[in-house]
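Protein chains: 4
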Amino acid sequence: MKVIVDFCITPLNMGTSLTPYIAECQLIIADMGLSHQLHAYGTNIEGEWEPVMEAVKRCHARLHEMGVPRLSTQLKIGTRSDKEQTMADKAEHVQAFIAKQSQ
Amino acid sequence: MKVIVDFCITPLNMGTSLTPYIAECQLIIADMGLSHQLHAYGTNIEGEWEPVMEAVKRCHARLHEMGVPRLSTQLKIGTRSDKEQTMADKAEHVQAFIAKQSQ
Amino acid sequence: MKVIVDFCITPLNMGTSLTPYIAECQLIIADMGLSHQLHAYGTNIEGEWEPVMEAVKRCHARLHEMGVPRLSTQLKIGTRSDKEQTMADKAEHVQAFIAKQSQ
Amino acid sequence: MKVIVDFCITPLNMGTSLTPYIAECQLIIADMGLSHQLHAYGTNIEGEWEPVMEAVKRCHARLHEMGVPRLSTQLKIGTRSDKEQTMADKAEHVQAFIAKQSQ
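Chains as they are written, first to last, in the working numbering: chain C, 479 to 581; chain Y, 479 to 581; chain R, 479 to 581; chain S, 479 to 581.
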């Protein structure tokens with residue numbers, strides 16, 4: 479089962495700059511060879527269900543190892559059985575639709 | 479790693495009543511013996527990371543089998559390394575705090 | 479426009495116990511006379527769009543006043559134009575469906 | 479109060495292609511002059527609290543006008559009182575941190 483997720487992990491009680499923790503998660507996701515895209519309020523990841531969810535789990539485990547006592551993640555999970563779709567497709571379809579309308 | 483999640487699965491293109499799909503997910507979660515609590519906008523589940531995430535996966539797989547072409551899940555995932563906490567604790571602490579203040 | 483939301487506010491850098499902040503938000507929501515229900519990973523609120531969103535805004539403003547430097551909220555917002563539905567309806571429909579099936 | 483949100487609106491019972499609805503929301507947000515960025519699983523928007531939340535409301539109202547009977551939105555809302563931060567800052571900080579570490 480292919481999945482596209484939007485992953486946003488929030489460490490509590492570690493100051494207001496979350497950069498080192500988000501960076502660590504980027505490396506974990508990249509090391510697993512998963513296609514991903516950082517945006518201003520999370521990271522989109524695509525792949526098979528197991529490795530994508532394994533990446534999320536490794537991020538929680540690693541940040542706890544780094545000393546974060548409490549984590550709250552917001553995860554959107556999209557699956558479809560009607561057709562394959564990539565992260566790139568999703569945004570492109572919307573932009574192409576808008577471009578066509580404004581001609 | 480213990481986890482408390484808030485799980486809300488949305489089937490697309492299956493009408494506006496999602497009751498049969500939500501009910502099916504309740505049965506999947508209950509069959510796995512996971513502690514859970516349905517509320518008006520999702521279901522809280524607590525347990526070890528693997529079975530809880532396995533429940534979410536089974537819900538996606540089962541709803542696709544039932545003919546749902548596209549699913550979008552919203553999942554909040556809470557973990558902590560400082561202490562154990564149950565779903566019941568979380569709401570009770572808030573209610574006890576309010577009760578104490580209003581004395 | 480009627481709305482049912484699931485509201486979960488996360489204060490950053492304020493320790494791991496969020497109870498005083500969640501309690502403060504409960505009081506703000508109650509003071510506005512909004513129907514609401516605390517659960518283990520958020521609070522469901524129902525009402526007209528404006529007061530419900532005003533409650534969310536007041537919670538952010540108040541927690542910043544209490545000294546919280548950074549807040550991240552997760553909000554699910556449900557609206558429908560086909561029929562009116564209450565928070566109680568939503569969970570009851572699912573439980574009635576399960577009860578009927580297991581007869 | 480400045481806010482950065484991640485907005486993802488899901489129309490129910492309108493087929494599996496949500497492109498026309500997402501495109502309509504992009505136009506509403508752009509017409510309001512709000513800084514925004516579409517990604518594969520939502521749209522980040524930044525601005526003052528009121529116009530950003532007004533944009534979300536207009537999207538719900540407009541999609542119901544277009545015939546969508548039921549909508550479920552996932553909204554992340556970030557505010558901070560310690561400093562100003564833009565959407566661009568957030569992703570850039572993470573990328574700069576990773577670049578520095580890998581030198």
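From the three backbone atoms N, C-alpha and C, an ideal C-beta is built for every residue, glycine too.
Following the DSSP letters along the chain, one finds C:D484 inside the beta strand (DSSP E) bounded by residues K480 to L490.
Judged by their CB atoms, R:L553 and R:D484 are nearer to each other than the 9 Å cut-off. In chain order, T488, P489, L490, N491, M492, G493, T494 and L496 make up the part of chain R whose C-beta sits under 9 Å from the C-beta of C:L490. Beyond the five residues adjoining it in sequence on each side, R:L541 comes within less than 8 Å, by CB distance, of I487, P489, Y499, E502, C503 and L549 in the same chain, given in chain order.
Residue pairing by DSSP places Y:G525 opposite Y:V481 in a beta bridge. Bounds of the alpha helix (DSSP H) holding Y:L505 are T497 to D509. DSSP places Y:K561 in no beta strand (DSSP E); its state is neither H nor E.
According to DSSP, residue pairing for C:L516 in a beta bridge involves C:T521. Under a 10 Å Cβ-count criterion, R:M531 is classified as buried, with 16 or more other Cβ atoms of the shown protein chains found around its own Cβ. Using a Cβ-Cβ cut-off of 8 Å, Y:D560 is close to T494 of chain R, given in chain order. In the structure shown, C:Q552 adopts extended strand secondary structure according to DSSP, grouped into three states. Taking the beta carbon of C:R548 as reference, the chain Y residues within 8 Å of it are G556, T557, R558, S559 and D560, listed in sequence order. Per DSSP, reduced to three states, the secondary structure at R:M565 is helical.
Within the segment 514-546 of chain Y, Q515, L516, H517, A518, Y519, G520 and N522 place their CB atoms closer than 7 Å to a CB of chain R, listed in sequence order.
R:T494 and S:T494 have their C-alpha atoms roughly 40 Å apart.
The beta carbon of R:Q552 falls within 9 Å of a beta carbon belonging to chain C, placing the residue at that interface. Residue state for S:V534 is assigned as helix, using DSSP reduced to three classes.
Closest in C-alpha terms to C:H571, from the list S:M492, S:L516, S:I555 and S:A566, comes S:L516. Contact check for R:M479 and R:E526: beta-carbon distance about 7 Å, within the 8 Å limit, so the pair qualifies. DSSP, read as helix, strand or coil, puts R:V546 in coil.
Contact annotation for S:K568 against chain C: A518 and Y519 [CB-CB distance below 8 Å, chain order]. What R:M479 touches in chain S, judged by beta-carbon distance under 7 Å, is H538 and A539, going in chain order. The alpha carbon of S:Y519 has as its nearest neighbour, out of C:K568, C:Q573 and C:V534, the alpha carbon of C:K568. Sequence-distant partners of Y:D560 (beyond 5 residues in either direction) whose C-beta falls short of 8 Å from its own C-beta are missing from its chain. R:Q573 carries a helical assignment under DSSP once its states are collapsed to helix, strand and coil.
By the neighbour-count criterion, in which a residue is buried when 16 or more other Cβ atoms sit within 10 angstroms of its Cβ, Y:M544 is exposed. The Cβ neighbour count for Y:G511, taken over all protein chains shown within 10 Å, is under 16; the residue is labelled exposed. Contact annotation for S:M565 against chain C: H517, A518 and Y519 [CB-CB distance below 9 Å, chain order]. Taking CB atoms only, C:D484 has a neighbour in chain S less than 9 Å away. Only buried fits C:E524, as 16 or more other CB atoms lie within 10 angstroms of its CB. In this structure S:I555 touches R:T551 by the C-beta definition: roughly 4 Å separates them, less than 8 Å.
Ranked by Cα distance from S:A566, the options S:H514, S:P529, S:C537 and S:Q581 are led by S:H514. Within chain C, no C-beta atom comes nearer than 9 Å to that of S:L512; the closest sits roughly 13 Å away.
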